[in-house]
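A.B. asks: For the record, in the sequence shown the residue sitting at position 255 is 1461 according to this note's numbering, with numbers rising by one throughout.
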Amino acid sequence: MKTLRELYKIGKGPSSSHTMGPERACKVFKEKTKDANFYKAILYKSLARTGKGHGTDRVIVQTFEPVKTEVVFNYDTPEDVTHPNTMDLIAYKDGVELLRTRVESVGGGNIKIDGELALSTPSMYPENSFAEINQFCKWRRLSLVEYVEMNEGVEIWDFLIDVWQHMKQSIIEGIRNTGTLPGGLHVERKAQILYNSINDDDTDVMHELKMVSAYAYAVAEQNADNGTIVTAPTCGASGVVPAVLMYFQKKYDLDDRRIAEALAVGGIFGNLIRRNASISGAECGCQAEIGTATSMAAAAACELMGYSIDECEYAAEIAMEHSLGLTCDPIRGLVQIPCIERNAVAATRALDACHLSHILVGTRNISFDMVVRTMYETGINMSQAFRETSEGGLAKYYSRNKRDK
Ligand code: SF4
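#1: Verify whether the separation of the beta carbon atoms of Q1493 and T1584 is less than 8 Å.
#2: Kindly identify the DSSP beta-bridge partner or partners of K1246.
#3: Given a cut-off of 8 Å, decide if A1254 and L1295 are closer than it, judged by their beta-carbon atoms.
#4: Looking at R1548 and the ligand SF4, is the gap between the Cβ and the nearest heavy atom below 7 Å?
#5: Drop a sphere of 10 angstroms on the beta-carbon of R1609, count the other beta-carbons inside from all chains shown, and report buried for 16 or more, exposed for fewer.
#6: Would you list the one or two residues that DSSP bridges to N1316?
#7: Alpha carbon to alpha carbon, what distance is there between E1229 and K1236?
#8: Would you mind giving the Cβ-Cβ distance between G1314 and T1437, rounded to the nearest angstrom? I have them listed as a contact below 8 Å.
#9: Compute the Euclidean distance between the alpha carbons of N1587 and T1580, then round it to the nearest angstrom.
#10: Taking 8 Å as the threshold (C-beta atoms), are A1422 and A1466 in contact?
#11: Name the two residues that bound the continuous alpha helix (DSSP H) containing V1425.
#12: So I1515 is in the alpha helix (DSSP H); what residue range does that whole segment cover?
#13: Just curious, the beta strand (DSSP E) that T1434 is in, first and last residue?
#14: Using a threshold of 7 Å, is the CB atom of D1431 nearer than that to any non-hydrogen atom of the ligand SF4?
#15: Note down the Cα distance separating L1391 from K1602, rounded to an integer number of angstroms.
#16: For I1378, is the beta carbon positioned less than 7 Å from some heavy atom of the ligand SF4?
#17: Could you check the C-alpha separation between K1419 and Y1245 for me, to the nearest Å?
#18: Comparing alpha-carbon positions, which option in L1557, Y1401 and R1264 lies nearest A1507?
#19: Use the C-beta contact count for I1404: other C-beta atoms within 10 angstroms, 16 or more gives buried, fewer gives exposed.
#20: Less than 8 Å between the C-beta atoms of V1567 and A1470, yes or no?
#21: Which residue marks the beginning of the alpha helix (DSSP H) containing K1236, and which one marks its end?
#22: Given a threshold of 16 other Cβ atoms within 10 Å of its Cβ, counted over all protein chains shown, does W1345 qualify as buried or as exposed?
#23: Mapping DSSP to helix, strand and coil, what is S1573?
#24: Would you decide whether S1223 is buried or exposed? Buried here means 16 or more other CB atoms lie within 10 Å of its CB.
#25: Closer than 7 Å to a non-hydrogen atom of the ligand SF4 - does that hold for the CB of E1594?
#26: With a threshold of 7 Å, establish whether the CB of P1439 neighbours any heavy atom of the ligand SF4.
#27: Cβ of E1427 within 7 Å of any heavy atom in the ligand SF4?
#28: Look at P1290 and E1597 and say whether their C-beta atoms are less than 8 Å apart.
#29: The ligand SF4 heavy atoms versus the CB of G1442: any closer than 7 Å?
#30: In chain order, what residues of the same chain have a beta carbon less than 6 Å from the beta carbon of L1210, not counting five sequence neighbours either side?
#31: Decide yes or no for the touch test of the region 1371-1385 against the region 1421-1435: beta carbon pairs closer than 8 Å, at least 3 of them.
#32: Can we count P1544 as close to the ligand SF4, meaning its CB is less than 7 Å from some heavy atom?
#33: K1218 and T1440: beta carbons closer than 8 Å?
#34: Against chain D, does C1518 count as a neighbour if the rule is that its beta carbon must be under 8 Å from one of theirs?
#35: Less than 7 Å separating the Cβ of V1541 from some heavy atom of the ligand SF4?
#36: Out of K1251, L1213 and F1574, state which residue places its alpha-carbon closest to the alpha-carbon of F1365.
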């Protein structure tokens, strides 16, 4: 399993696959083609169908600047294009082709360049399933926090505390900002409305719902507005983990180091899904993005409650089990509807999964590894219309309704 540094990436939204990954690919390509005076980028499949809404063309043009770039949205799928987020980059010098390369944006801002190994750090953990991790920790009498430190070194805490500072900042800015999000859907920001609605007469349940939702909306709205967020595990699902952690930090007056430990525990589950299935909505639907974020947040919440390794696993499993089949159907390819609200709903579901795991631990039948396998199989068998192409679900019916009016 890879380092947690591969999972939590600080960058600009709205999409890790559609903006962070292509930006990274263009930077690498630009470095190799310093003589180029013209670039062409050809986008295929999900990158072509929702690239406009996600701002893929904008980020490509900006990255190659000052060199002029043409971005082509190719809606036909050549036979040799297999990954849902594929792009060809071509560099020219005075009309002569210098270099051409194919890149796959494989989720969470990570890329795979044709003929090269995926651009990422080497494996850092010998264990590749939760069953292995659980067995190892019990044998060595380690907590999950100690397990992460043993593999990543003590430096991981500075990294995770920095990640937490950026998550907190996105919450603060998201609650402060008001107005309409860009893209033409006229979606109003709602984080501040939710936050300001909190009052002393609220029941405990209502208070928790308002706080957690306000934080989740805040980050998801920042993401939709091209703000700086942390992938957890992706941009589209970046509000779930921070919302739960901020709620716990305030409720229990926890210091940042403790939150970093929760990020480490949640990160184990996110990284396992990334390794053994997918965190890409274009590959496996929203279950791979929001489902993963919910698992991570549920496990992180268990860590903060002082629950056992088995309870962490159970919570992460519940969270994913009840995200199975969740489709990716962003209207007009914008990471707004259903994405923003979905972050809030997922954050509250993560808390439910945390509490349920504590009450029911010892009764479970499904392992985390099993539900991850199930998610992947469900995802790759899902119709293409529900995998970030904006051709099905809400994206399809919203357009029809608009046309009917
Ligand atoms: S529907 Fe889910 S997977 Fe699709 S763009 Fe929105 S948050 Fe990402």
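For each residue, glycine too, the CB sits at the ideal point set by N, CA and C.
C.D. replies: Taking the coordinates as given:
#1: The answer is yes: Cβ separation under 8 Å.
#2: In the DSSP assignment, K1246 forms a beta bridge with E1276 and I1296.
#3: No, the Cβ-Cβ distance between L1295 and A1254 is not below 8 Å.
#4: For the ligand SF4, at least one heavy atom lies less than 7 Å from the Cβ of R1548.
#5: Low local confidence applies: a pLDDT of 48 at R1609 is under 50, so the model's placement there is unreliable, and no value is given.
#6: N1316 is bridged by DSSP to G1313.
#7: Computed Cα separation, rounded: 10 Å.
#8: Contact holds; Cβ gap of about 5 Å.
#9: Each residue's Cα considered, the two are about 11 Å apart.
#10: Inclusion of A1466 and A1422 in the CB contact set at 8 Å is not warranted, their separation being larger than that value.
#11: D1410 to A1430 is the span of the alpha helix (DSSP H), which, as asked, contains V1425.
#12: Counting along the chain, I1515 sits inside the alpha helix (DSSP H) bounded by residues I1515 to E1527.
#13: Segment T1434 to V1436, the beta strand (DSSP E) holding T1434.
#14: No, the ligand SF4 has no heavy atom inside 7 Å of this Cβ.
#15: Going from the Cα of L1391 to the Cα of K1602 covers about 14 Å.
#16: I1378 Cβ: outside cutoff for every heavy atom of the ligand SF4.
#17: Reading the sequence as shown, one finds Ser at residue 1419 and not Lys. Roughly 42 Å separates the two Cα atoms.
#18: Per the Cα distances, L1557.
#19: Per the 10 Å Cβ criterion, exposed.
#20: V1567 places its beta carbon 8 Å or farther from that of A1470.
#21: K1236 -> alpha helix (DSSP H) spans G1227 to K1238.
#22: That one is exposed.
#23: Coil at S1573, not helix or strand.
#24: S1223 should be labelled buried.
#25: For the ligand SF4, at least one heavy atom lies less than 7 Å from the Cβ of E1594.
#26: For the ligand SF4, not one heavy atom lies less than 7 Å from the Cβ of P1439.
#27: Checking the Cβ of E1427 against the ligand SF4 gives no.
#28: Judged by their CB atoms, P1290 and E1597 are not nearer to each other than the 8 Å cut-off.
#29: At least one heavy atom of the ligand SF4 is nearer than 7 Å to the Cβ of G1442, so yes.
#30: Counting only Cβ-Cβ distances below 6 Å, and skipping sequence neighbours, we find G1473.
#31: Using a Cβ-Cβ distance cut-off of 8 Å, the region 1371-1385 and the region 1421-1435 are in contact, since at least three pairs of beta carbons, one from each stretch, lie closer than that value.
#32: Within the cutoff, so yes.
#33: Annotated as distal: K1218 and T1440, with beta-carbon spacing of 8 Å or more.
#34: Absent from the structure is chain D; it holds one protein chain and no more.
#35: Annotation for V1541 indicates a beta carbon within 7 Å of some heavy atom of the ligand SF4.
#36: A check of alpha carbon separations from F1365 across K1251, L1213 and F1574 identifies L1213 as the nearest.
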